[in-house]
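Heads up, the thing below is written out as structure tokens.
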Amino acid sequence: MRITMITGAVLLVMAAAAARAETPVERGAYLVGSILTCNNCHTPRGPNGPQFDKLLSGGDVFDTPGFTVSASNITPDKEAGIGAWSDDEIKQTLRTGIRPNGIPLAPVMPTIFYGAFSEADLSAVVAYLRSVPANPNKVPSPVYRASFPHVPYPGAEKPMADSGTPAERGRYLATIGHCMDCHTPMVRGVQDFATKAGVGGREFSGPFGKSISANITSDPEKGIGKLTDAQIKTAITQGIAPDGHRLLPPMGYAYYAKMTPADLDALVAWLRTLPPNS
Ligand code: HEC
Ligand code: HEC
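The sequence shown begins at -10 in the numbering used here and counts up by one.
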């Protein structure tokens, strides 16, 4: 009895120490490896999925009428990656969509959402990027055939509070996690966030074939209003729909599976607040 109590107390102390000890690099690793899904574009894919031995060394090619770009090498390599950029330059690029050399990033890089980052989380992401192995992989130069306005996602004009009710915390996570990037239909090349946020209907194609993003509003018929929390979590983290069929890429299900239970609860609480729309 006595021994059990002592052990319990020691474990509690250890748990408290572990909670206190989350360093910026650890926080950045958690965010990048889960809700942010940076690897989903920036880590090259092999036949068996993402090649984590080539972490963040450059990945997917996006070919659209406006641009042909490869997801950049964002490792600390000084030539091929972003090792020569200062912390502030990396942060500015993520928040504004404009590189230190003045050249804007193609909007497939979801910078219109990244103004929402809290200062602490953005610093954590940068600290983590600095900590990954430098990789000399050179990606092809981007080709631009259009110019891109950088219009922040509503609410992402400035840092958003990462606090409050679960739904409010979920809104922060969903914003830096750019859920609405894929789940909002495009009108003349930009998402219609004002009237169609969450309605889905965007088409994606890749080696997996063709997928169409789902309506994630609380619409009971077209959206996810009738799904239970458990069904929504299974869809997000395992890529399995309520009827059991496997959901297609590019949604990064395996990354969302790494979210803490509290963060996943918060995300679902936020989804429930989306007014029915179709
Ligand atoms: C949907 C795909 C996608 C996601 C998700 C994504 N990126 Fe990108 N990113 C790109 C593409 C594509 C480019 C290159 C755009 C261009 O060349 O115009 C890019 C460019 C960048 C650059 C500029 C590098 C340079 O050398 O110019 C940085 C830094 C960057 N991304 C960091 C990140 C981080 C950090 C995350 C996660 C928080 C992330 N990206 C998430 C697709 C993505
Ligand atoms: C890169 C694009 C992309 C991003 C980012 C993305 N999704 Fe998805 N999502 C999709 C696509 C495409 C589907 C449909 C896949 C299919 O039908 O096979 C989908 C399906 C879903 C479903 C299943 C709905 C149903 O009725 O079965 C949910 C729930 C969902 N997404 C929520 C989210 C949330 C929450 C986020 C942010 C954390 C998010 N998605 C980010 C593309 C994306």
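Ideal Cβ placement from N, Cα and C applies to all residues, glycine included.
Between the Cα of His167 and the Cα atoms of Ser136, Glu108 and Gly144, which residue gives the shortest distance?
Gly144
Can you tell me the Cα-Cα spacing of Lys127 and His31, whole angstroms?
12 Å
Three or more beta-carbon pairs under 8 Å between the stretch 167 to 181 and the stretch 189 to 200, yes or no?
yes
Which word fits Phe106, buried or exposed, when buried means at least 16 other C-beta atoms lie within 10 angstroms of its C-beta?
buried
Neighbour-count burial assignment, Asn204, 16 or more Cβ in a 10 Å radius
buried
Report the residue from Ala255, Thr85, Phe51 and Leu111 whose alpha carbon sits nearest the alpha carbon of Arg16.
Leu111
Apart from the five residues just before and just after Val2, which ones in its own chain have a Cβ nearer than 7 Å to its Cβ?
Any answer about Val2 is weak, because its pLDDT of 46 lies below 50 and its placement is not dependable; what the coordinates show is given next. Same-chain partners within the cutoff: there are none.
List the residues that DSSP assigns as beta-bridge partners of Met175.
Gln180
What number of angstroms, rounded off, separates the C-alpha of Arg(-9) from the C-alpha of Ala10?
Note that Arg(-9) has pLDDT 46, beneath the 50 cutoff, so the model's placement of it is unreliable and the number below is only indicative. Each residue's alpha carbon lies about 29 Å from the other.
Let me check one thing: in DSSP terms, what residues is Gly198 bridge-paired to?
Gly195
Can you pull the DSSP bridge partners for Phe56?
Tyr133
Quick one: Cα of Phe56 to Cα of Asp49, how far?
13 Å
Can you give the Cα-Cα distance for Met(-6) and Ala243, rounded to whole angstroms?
Any answer about Met(-6) is weak, because its pLDDT of 47 lies below 50 and its placement is not dependable; what the coordinates show is given next. The alpha-carbon atoms of Met(-6) and Ala243 are separated by roughly 38 Å.
Give the DSSP bridge partners of Gly35, in chain order.
Gly38
At a cut-off of 7 Å, would you count Ile94 as near ligand 1, judging by its Cβ distance to the nearest heavy atom?
Residue identity differs from the one stated: residue 94 is Leu in this sequence, not Ile. Checking every heavy atom of ligand 1 against the Cβ of Leu94, one is found closer than 7 Å.
Here's a check: name, in chain order, each residue in its chain whose Cβ is nearer than 8 Å to the Cβ of Val(-1), leaving out the five neighbours to either side.
Confidence at Val(-1) is low in this model, with a pLDDT of 48, below 50, so the placement of that residue is unreliable and no value is reported for it.
Local conformation of Pro231 per DSSP, three classes
coil
Below 8 Å on the Cβ atoms is my guess for Ala73 versus Pro131; work out the distance and round it to an integer in Å.
Between Pro131 and Ala73 the Cβ distance is about 18 Å, and since that is not below 8 Å, they are no contact.
Do Asp170 and ligand 2 come close, with the Cβ less than 7 Å from some heavy atom?
yes
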